[in-house]
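Undergrad: Add 102 to the 1-based position in the sequence shown for the working numbering, that's all there is to it. All residues carry an ideal CB built from backbone N, CA and C; glycine is no exception.
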Amino acid sequence: MALLKTVVDYKWHIFASIAALYVVRKFLRYQKLARFGGPWGTGFSEIPHNINIYTGEAHNWYRDISEKHGPIARVGPNALITSNADVWIHVNTKPGYKRTKWYFEACRVEHQRDHIFSQTDTKLHDERRKQIAPGYSGRENLELESSIDARVAELLTLIRTKYLSTPGSSTAGGGGTIIPMDLSKTMQFLTLDVISTVGMGRSFGMLRADADTDHYIRSSEQGLRLGNTFAALGLSWLAHAPVIGRLLAPKPTDTAGFGAMMGACFAVIDERVGNIEGGVEEDRRDMLASFVRHGLVGDELRSEVLETLIAGSDTTAGALRGIMLYVMGNKRVYSKLQDEIDDAVAEEKVAVTGEGVIPFGVAKQMPYLQAVIREGLRVWPPVRNILPKDVPAGGDTVLVEGKPVFLPGGVEIGYSSLAMHRDKKVYGEDADLFRPERWFEQDREKLAVMTRVNDLTFGHGRWQCLGKNVAQMELNKTVFELFRHFDWSVAHPATPWKIMNSLGLFIINDMWVQVTSR
Numbered sequence: 103m104a105l106l107k108t109v110v111d112y113k114w115h116i117f118a119s120i121a122a123l124y125v126v127r128k129f130l131r132y133q134k135l136a137r138f139g140g141p142w143g144t145g146f147s148e149i150p151h152n153i154n155i156y157t158g159e160a161h162n163w164y165r166d167i168s169e170k171h172g173p174i175a176r177v178g179p180n181a182l183i184t185s186n187a188d189v190w191i192h193v194n195t196k197p198g199y200k201r202t203k204w205y206f207e208a209c210r211v212e213h214q215r216d217h218i219f220s221q222t223d224t225k226l227h228d229e230r231r232k233q234i235a236p237g238y239s240g241r242e243n244l245e246l247e248s249s250i251d252a253r254v255a256e257l258l259t260l261i262r263t264k265y266l267s268t269p270g271s272s273t274a275g276g277g278g279t280i281i282p283m284d285l286s287k288t289m290q291f292l293t294l295d296v297i298s299t300v301g302m303g304r305s306f307g308m309l310r311a312d313a314d315t316d317h318y319i320r321s322s323e324q325g326l327r328l329g330n331t332f333a334a335l336g337l338s339w340l341a342h343a344p345v346i347g348r349l350l351a352p353k354p355t356d357t358a359g360f361g362a363m364m365g366a367c368f369a370v371i372d373e374r375v376g377n378i379e380g381g382v383e384e385d386r387r388d389m390l391a392s393f394v395r396h397g398l399v400g401d402e403l404r405s406e407v408l409e410t411l412i413a414g415s416d417t418t419a420g421a422l423r424g425i426m427l428y429v430m431g432n433k434r435v436y437s438k439l440q441d442e443i444d445d446a447v448a449e450e451k452v453a454v455t456g457e458g459v460i461p462f463g464v465a466k467q468m469p470y471l472q473a474v475i476r477e478g479l480r481v482w483p484p485v486r487n488i489l490p491k492d493v494p495a496g497g498d499t500v501l502v503e504g505k506p507v508f509l510p511g512g513v514e515i516g517y518s519s520l521a522m523h524r525d526k527k528v529y530g531e532d533a534d535l536f537r538p539e540r541w542f543e544q545d546r547e548k549l550a551v552m553t554r555v556n557d558l559t560f561g562h563g564r565w566q567c568l569g570k571n572v573a574q575m576e577l578n579k580t581v582f583e584l585f586r587h588f589d590w591s592v593a594h595p596a597t598p599w600k601i602m603n604s605l606g607l608f609i610i611n612d613m614w615v616q617v618t619s620r
């Protein structure tokens, strides 16, 4: 009772003390990064950042901040963002930096279980990377290119049999037929069929069915939206809390939604593992078989294959949609690209008849095709995650345009992909424009800088995207074959698509196009 009476008697003193401690703590956090500019309020609160994550506008907000406040700027009380490629390479290369928990743990799929992308323990990440890297390469995955060829051929067949428009004559009632195609869905059917084939050894069959089989895409979009909302509200930890997390996180035993999709994938994986262990697939050389050979089993195997399906489909589909849209919107680029493709066919560098898909080795020797793909990835980076890293405890000094800048220990630093890949100091005053010709720059030193920055689209160092080789194959083969066999136009130029940024990945719908045979 005496204690209670003391609290009541001195309640205003206690309240004032707590308030003072709160203000002092906030001030000290503010002072830690006071030298870095940023929008009003970001020095004291995460709310501005969270609002932009929630609305799906974070990528544009990051770019605006970088352009207004410089190559390293503030986005939160303890958070920085950089648009400087040298700084970002340093962060991704120097030992001591580690992934920031709030973002990467929000990218978990299963309850309290990490995969290669969500793992924040650097040592565990590096060990897992060694196990799965061979499966992503062509060295152990001998069926990689042929698997991609088969799915691209299915895409061409789908378009020919179901979506070819015939404009007809110019006279009234000329007898033409316009059949719109939702390219946003078709591209994701392709990338999901590719990654399920190379990842699990069995295609989802979306291109053959021309449908979202097992509602995978719908479930994936729901999962991304939910994950983005939880991250914006600072509630991602709930999905991994010991008790409530088990209720909130998707489970393979669910009868609907993302969990049901997980269950279907896990069933295929378990069947494949049974075949491998039973000696039925001794000679199989695909991604899953490689994972097993390098020691992945049980839940760890399932988690990594599931991550492959998620990361390997949304990102590449986003890149294909962006490249297609920018080419369709630029007549000069469109014509030059098709001229190079036609020359390759005339010179018999590729199969002239049938469904023979261009070999990756041949595509890489086509300079304008390579320039189009590089430029598409530059102006439309398909992944715009902030990808924050924690600065080592003792702090670190980075060079920004030759000047040392100290980063205090314990703060986090991410990057703005839009600001970096549209940096006018690197790419010139027309950096916002889609101009593949910039990749024929005669100044070798300038070209090397541009290429170095552009390569960061796939990450850098220990955190570089393992699926880079798979994605490059898909991009080259698909872009070549689509413009080789068909002519394209945007059905609704004023609103070419509907997009939503969720955790840095783009949910894209209603990208309606018209396709005619060449």
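1. Restricting to runs no shorter than 3 residues, where is the beta strand (DSSP E) found entirely within the region 428-511?
2. Should V513 and L182 be called a contact, given that it needs their Cβ atoms to be closer than 8 angstroms?
3. Does the separation of the CB atoms of V459 and E583 fall below 8 angstroms?
4. Would you kindly check if the distance between the Cβ of L439 and the Cβ of V429 is under 8 angstroms?
5. In the structure shown, what three-state DSSP assignment does A596 receive?
6. So I297 packs on L411, CB below 8 angstroms; how close in whole Å?
7. Within 10 angstroms of the Cβ of P282, are there 16 or more other Cβ atoms? Answer buried if so, exposed if not.
8. Using three-state DSSP, classify A333 as helix, strand or coil.
9. Do you know offhand how far G198's Cα is from G361's?
10. For the structure I just gave you, are there three or more beta carbon pairs, one from the region 533-544 and one from the region 157-171, closer than 8 angstroms?
11. Can you confirm whether the region 366-375 touches the region 399-413 when touching is taken to mean that 3 or more C-beta pairs between the two stretches lie within less than 8 angstroms?
12. Give the list of continuous beta strand (DSSP E) stretches no shorter than 3 residues that lie fully inside the region 159-240.
13. Here's a check: name, in chain order, each residue in its chain whose Cβ is nearer than 7 angstroms to the Cβ of G569, leaving out the five neighbours to either side.
14. Tell me the start and end of each unbroken alpha helix (DSSP H) in the region 290-355 that is at least 4 residues and wholly inside, in chain order.
15. Could you tell me which residues DSSP puts in a beta bridge with D534?
16. Classify D492 as buried or exposed, calling it buried when 16 or more other Cβ atoms lie within 10 Å of its own Cβ.
17. In angstroms with no decimal places, state the Cα-to-Cα distance between C567 and N180.
18. E245 lies in the alpha helix (DSSP H); which residues open and close that run?
19. Are H523 and V502 closer than 8 angstroms when you measure CB to CB?
20. How far does the beta strand (DSSP E) with I515 in it extend, from its first residue to its last?
21. From the DSSP output, in three-state form, read off T618 for me.
22. Cutting at 6 angstroms between CB atoms, please list the residues of its own chain near H562, excluding the five before and the five after it.
23. R586 and V447: beta carbons closer than 8 angstroms?
24. Where do the ends of the beta strand (DSSP E) carrying I610 lie?
25. Using CA coordinates, which residue listed in M613, L479 and S619 is at the minimum distance from S286?
26. With distances taken from CA atoms, which of V375, R387, Q324 and A334 is nearest A358?
27. Taking the alpha-carbon positions, what's the K466 to F146 distance?
28. Using the Cα positions of V345 and T553, report the straight-line distance between them to the nearest angstrom.
29. Tell me the DSSP secondary structure of W590 in three-state form.
30. Fully enclosed by the region 540-588, which alpha helix (DSSP H) runs are 4 residues long or longer?
TA: Let's see:
1. 498-502 and 505-509
2. yes
3. yes
4. yes
5. coil
6. 6 angstroms
7. exposed
8. helix
9. 36 angstroms
10. no
11. yes
12. 174-178 and 181-184
13. Y238, A413 and G414
14. 308-311, 318-334 and 346-350
15. In DSSP, D534 forms no bridge with anything.
16. buried
17. 27 angstroms
18. No alpha helix (DSSP H) contains E245, which DSSP labels as neither H nor E.
19. no
20. E514 to Y517
21. strand
22. I191 and N194
23. yes
24. L607 to N611
25. M613
26. Q324
27. 49 angstroms
28. 48 angstroms
29. strand
30. 546-556 and 570-587
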